[in-house]
Amino acid sequence: MAHEIPTAELGPGVQLPTIGFGTWQITGSSAYESTRTALDVGYRHIDTATMYGNEDEIGRALRDSGVDRSDIFITTKLPPSQAGRERQTIEASLKALGVDHVDLWLIHWPPARGRSVPVWEAFLKAREAGLTRSVGVSNYDAALIDELTKETGETPAVNQVAWSPAQHDAQFLADMRDRRVVVEGYSSLKNTPLDDPRLVAIAEAHGVTVPQVVLRWQLHHDIVIIPKSTRRERMAENLSVLDFSLTAAELETVNAW
Ligand SMILES: NC(=O)c1ccc[n+]([C@@H]2O[C@H](COP(=O)([O-])OP(=O)(O)OC[C@H]3O[C@@H](n4cnc5c(N)ncnc54)[C@H](OP(=O)(O)O)[C@@H]3O)[C@@H](O)[C@H]2O)c1
5 MAHEIPTAEL GPGVQLPTIG FGTWQITGSS AYESTRTALD VGYRHIDTAT
55 MYGNEDEIGR ALRDSGVDRS DIFITTKLPP SQAGRERQTI EASLKALGVD
105 HVDLWLIHWP PARGRSVPVW EAFLKAREAG LTRSVGVSNY DAALIDELTK
155 ETGETPAVNQ VAWSPAQHDA QFLADMRDRR VVVEGYSSLK NTPLDDPRLV
205 AIAEAHGVTV PQVVLRWQLH HDIVIIPKST RRERMAENLS VLDFSLTAAE
255 LETVNAW
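The structure is reproduced here in structure tokens:
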């Protein structure tokens, strides 16, 4: 069943589904099977990276799924070791994925000092060439983003960063909001003890699971979620987090976790 998933606008006509499917550490047949299952369960946003070594399998899963390419949002990422070889890197991603463009291309983490701006310039060229519909960064702080804006006049549309109750940083969110940068949060389940009594109490109050509380909490903060699972029932669980809302007091509890 395709769920109605809200989107965040990254630019004219570029709508990022606020719930995506993470694919780090899934390779080979597991990457193929998991992506097929995720699409079947209703995910329409897939997060991969050159580094993950699974673009071939994801590409095959996309094609075999029968879902229209235009209905799927694909993100991939350039490892900064490929600085200077941006065009070859995105062309290799497109070939592996079997598509003529991705929807979002991220600098996976900041390149060595002084290399960030040239990589960003190459990203803007790739977007102009139609190889990606939007461009962004990952693991950047506000100062590094400001450097890109100052040097090129273009601010990344997205910053993908680690996020979990223990890593909550209201100032960082405000900084990104001020710059109109959409935040995507990764590894939130991995970085949270899922048996924490405060989270269990909130989950019980809503008849949901702790992973659902953590994911819902991020969405309340306008943080895009990209949970990864190889299990169908967990994929469905992680996608079904819009049927309940946390109260202001519950949000505060998780913020202050
Ligand atoms: N930009 C970056 O530098 C960066 C870094 C890390 C990750 N990412 C992206 O973010 C995605 C998510 O992060 P992540 O994969 O590190 O961690 P995550 O999604 O927070 O957690 C994944 C782990 O949680 C388990 N899990 C998933 N759903 C669950 C549920 N409902 N109940 C209990 N356990 C559950 C999974 O096990 P099973 O598979 O067995 O269900 C897996 O062990 C990645 O896959 C990747 O796409 C980006």
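Using this note's numbering, read the sequence shown as starting at 5 and increasing by one per residue.
By construction, the Cβ of each residue, glycine as well, lies at the ideal position given by its N, Cα and C atoms.
- Between the region 26-41 and the region 80-95, the count of Cβ pairs shorter than 8 Å is below three; the stretches do not touch.
- For the pair residue 97 and residue 59, the CB atoms are nearer than the 8 Å cut-off.
- By the CB criterion at 8 Å, residue 107 and residue 153 fall outside the cutoff.
- Where residue 166 is concerned, the enclosing beta strand (DSSP E) starts and stops at 162-166.
- Ranked by Cα distance from residue 230, the first of 118, 113, 167 and 135 is 167.
- Closest option to residue 115, judged by alpha-carbon separation, among 143, 101 and 220: 143.
- Annotated as distal: residue 126 and residue 95, with beta-carbon spacing of 8 Å or more.
- With respect to residue 206, residue 257 sits close: the two C-beta atoms are nearer than 8 Å.
- For residue 242, the shortest C-beta to heavy atom distance toward ligand 1 is below 7 Å.
- Bridge pairing for residue 261: absent [DSSP].
- Between residue 52 and residue 156, the alpha-carbon positions lie close to 26 Å from each other.
- In the same chain as residue 134, and ignoring 5 residues on each side of it, the C-beta atoms closer than 7 Å to its own belong to 105, in chain order.
- Three or more beta-carbon pairs separated by less than 8 Å are not found between the region 61-76 and the region 217-236, which leaves the two stretches without contact.
- Judged by pairs of C-beta atoms under 8 Å, the region 222-237 touches the region 19-27, as three or more such pairs exist.
- Distance from residue 138 to residue 161 at the Cβ level is roughly 5 Å; contact confirmed, criterion being Cβ atoms closer than 8 Å.
- Ligand 1 has no heavy atom closer than 7 Å to the beta-carbon of residue 163.
- One thing to note: residue 109 has its Cβ within 8 Å of the Cβ of residue 136.
- Set against 7 Å, the gap from the CB of residue 238 to the closest heavy atom of ligand 1 is smaller.
- Going by DSSP, residue 175 is part of the alpha helix (DSSP H) stretching over 174-182.
- Excluding the 5 residues flanking it on each side, residue 225 has same chain C-beta neighbours closer than 7 Å at 177, in chain order.
- Of the heavy atoms belonging to ligand 1, at least one sits nearer than 7 Å to the Cβ of residue 213.
- Note that the C-beta distance between residue 187 and residue 227 is below 8 Å.
- Using a cutoff of 7 Å, the CB of residue 235 counts as near ligand 1, since one of the ligand's heavy atoms is closer than that.
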